[in-house]
Amino acid sequence: MSSQFTILDVRDRIQQAQSVTVLTGAGISADSGVPTFRGPEGLWKNFRPEELASPEAFDRDPQLVWEWYNWRRELLATKRPNIAHETLVKLETLIPDFWVITQNVDGLHTTAGTQNISEIHGNIWKVRCTQCQEVSQNTQVPLAFPPNCTDCGGLLRPHIVWFGEALAPKDLEQSYAALNRCDLLLIIGTSGVVYPAASFAPVAKDHGAFVVELNLDPTPHSPVVDVSFQGRAKELVPLLLKE
Ligand code: BV8
Ligand code: ZN
Numbered sequence: 029m030s031s032q033f034t035i036l037d038v039r040d041r042i043q044q045a046q047s048v049t050v051l052t053g054a055g056i057s058a059d060s061g062v063p064t065f066r067g068p069e070g071l072w073k074n075f076r077p078e079e080l081a082s083p084e085a086f087d088r089d090p091q092l093v094w095e096w097y098n099w100r101r102e103l104l105a106t107k108r109p110n111i112a113h114e115t116l117v118k119l120e121t122l123i124p125d126f127w128v129i130t131q132n133v134d135g136l137h138t139t140a141g142t143q144n145i146s147e148i149h150g151n152i153w154k155v156r157c158t159q160c161q162e163v164s165q166n167t168q169v170p171l172a173f174p175p176n177c178t179d180c181g182g183l184l185r186p187h188i189v190w191f192g193e194a195l196a197p198k199d200l201e202q203s204y205a206a207l208n209r210c211d212l213l214l215i216i217g218t219s220g221v222v223y224p225a226a227s228f229a230p231v232a233k234d235h236g237a238f239v240v241e242l243n244l245d246p247t248p249h250s251p252v253v254d255v256s257f258q259g260r261a262k263e264l265v266p267l268l269l270k271e
């Protein structure tokens, strides 16, 4: 980390860039009232990931897993994108090549209007059939248990990447392509501990991108990025857009 750059320097660099990639995590949605995962108020304080967000957990007790996702769907149904999501939508219209890679499953980037996006951990508003693998949009809240596939009758699961599961090849391809061509990588609101996303910053840095972190707290990314700013996404991200 270096203090030689101000956020206004970063704003100028972003607006002069040909290609910008943004990696987001739960911190950007925290300002919409969505709970994060880690930290004092995080979801993992009350739940154990391996008991809820793993294929083994779903095999063992699909009803429990669906109850947790239903609870989160109910909560998310009341949340709206915030000014940080909206600023990224505006930047997308200004910068020739702009790609968002999000670890968030809440769909708030697309609700805000972001077009170029890889939702690498899936989307809580999509379900997938455990038999025929068909993916469909589903916004029913709550979803009665057991939810069944209209095509084959199979049990539906959340279309989310759980611990121990591989990310979709298309999302990985899009993400690495965006990381390998960007002039600037902006990392917003992620603790940087979940792989493979935790290894994305060095990919961009190794090919020469300028890497910027915006996060409430220091993270494992902080010492390796070009510049790190501590603060709330809703306060920092709007500063990246010129009036
Ligand atoms: C895979 C979905 C291989 C649930 C999620 C040991 C070493 C290395 C790797 C591993 C290892 N052991 C296991 C692994 C692999 C594992 C992993 O990385 N584990 C970690 C924890 C060690 N990864 C996997 O299993 C991945 N798959 O590796 O596959 C493979 C290959 C081939 C074939 C088979 C398998 C799959 C990862 C799946 C991740 N899914 N959960 C759900 O959402 O329902 S992870 C979970 O964490 C969330 O989904 C989230 O997307 C992700 C990242 O969290 P963050 O978004 O960063 O959120 P967090 O709360 O942590 O941090 C928020 C940050 O925001 C904080 O820093 C905070 O300060 C900041 N903040 C707060 N408020 C604000 C703010 N910032 C700004 N403004 C604010 N207002
Ligand atoms: Zn099916």
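Numbering-wise (the working numbering), the sequence shown opens with residue 29 and increments by one.
Backbone N, C-alpha and C define an ideal beta-carbon position, used for all residues, glycine too.
When you compare each of Thr64, Leu92, His149, Asp211 to glycine 217 by their alpha carbons, which one comes out closest? Within the sequence shown, residue 217 is the residue found at index 189, counting from 1. Comparing alpha-carbon positions, the option among Thr64, Leu92, His149, Asp211 lying closest to glycine 217 turns out to be Thr64.
Pull up the CB-CB distance for serine 259 and leucine 242, whole angstroms please, since I reckon it's below 8 Å. For the purposes of this step, residue 259 is taken as the residue at position 231 of the sequence shown. For the purposes of this step, residue 242 is taken as the residue at position 214 of the sequence shown. Correcting the residue identity first, residue 259 is glycine in this sequence and not serine. Right, their Cβ atoms sit about 7 Å apart.
Rounded C-alpha distance that separates glycine 192 from leucine 80: Working through the sequence shown from its first residue, we reach residue 192 at position 164. Working through the sequence shown from its first residue, we reach residue 80 at position 52. Rounded to whole angstroms, glycine 192 to leucine 80 spans 12 Å at the Cα level.
Residues in its own chain within less than 7 Å of glutamine 159 by CB, not counting five upstream and five downstream? As a position in the sequence shown, residue 159 is number 131, starting the count at 1. For glutamine 159, where only same-chain residues beyond five positions count, the Cβ hits under 7 Å are Cys177, Cys180, Gly182.
Using a Cβ distance threshold of 8 Å, determine whether the region 71-91 contacts the region 139-150, with at least three qualifying pairs required. no
Can the beta-carbon of valine 117 be found closer than 7 Å to that of threonine 142? Here residue 117 refers to the residue found at position 89 when the sequence shown is read from its first residue. Here residue 142 refers to the residue found at position 114 when the sequence shown is read from its first residue. Their beta carbons are under 7 Å apart, which means valine 117 touches threonine 142 by this criterion.
Let me know the secondary structure DSSP gives arginine 275 once reduced to three states. This structure leaves residue 275 out entirely; the chain is present only between 29 and 271.
What did DSSP end up calling leucine 71 once you bin it into helix, strand or coil? By one-based count along the sequence shown, residue 71 stands at place 43. DSSP places leucine 71 in helix when its eight states are reduced to three.
Can you confirm whether the region 117-126 touches the region 89-107 when touching is taken to mean that 3 or more C-beta pairs between the two stretches lie within less than 8 Å? no
Which of the three DSSP states, helix, strand or coil, is assigned to proline 90? For this step, residue 90 is matched to residue 62 along the sequence shown. Residue state, collapsed to three classes: helix.
Assuming leucine 200 contacts alanine 45 under a Cβ cut-off of 8 Å, what Cβ separation, rounded to an integer in Å, is found between them? As a first step, residue 200 is located in the sequence shown; it is residue number 172 there, counting from the start. As a first step, residue 45 is located in the sequence shown; it is residue number 17 there, counting from the start. Not a contact, Cβ separation roughly 23 Å.
Looking at the structure shown, is threonine 34 part of a helix, part of a strand, or coil, going by DSSP? Indexing the sequence shown from 1 puts residue 34 at position 6. In this structure, DSSP gives threonine 34 a state outside helix and strand, which the three-state scheme calls coil.
Taking just the CA atoms, how far does aspartate 125 sit from valine 48? Position 20 of the sequence shown holds residue 48. Position 97 of the sequence shown holds residue 125. Looking at the two C-alpha atoms, the distance is approximately 6 Å.
Under 7 Å, do leucine 184 and proline 175 count as touching if we go by C-beta distance? In the sequence shown, counting from the first residue as 1, residue 184 sits at position 156. In the sequence shown, counting from the first residue as 1, residue 175 sits at position 147. Cβ atoms of leucine 184 and proline 175: closer than 7 Å.
For isoleucine 215, name the three-state secondary structure that DSSP assigns. Along the sequence shown, one-based indexing puts residue 215 at 187. DSSP, reduced to helix, strand and coil, places isoleucine 215 within a strand of the structure shown.
What are the boundary residues of the beta strand (DSSP E) that includes glycine 150? Here residue 150 refers to the residue found at position 122 of the sequence shown. Glycine 150 -> beta strand (DSSP E) spans 150-157.
Would you identify the three-state DSSP class for isoleucine 56, choosing helix, strand or coil? Locating residue 56 in the sequence shown gives position 28, where the first residue counts as 1. DSSP places isoleucine 56 in helix when its eight states are reduced to three.
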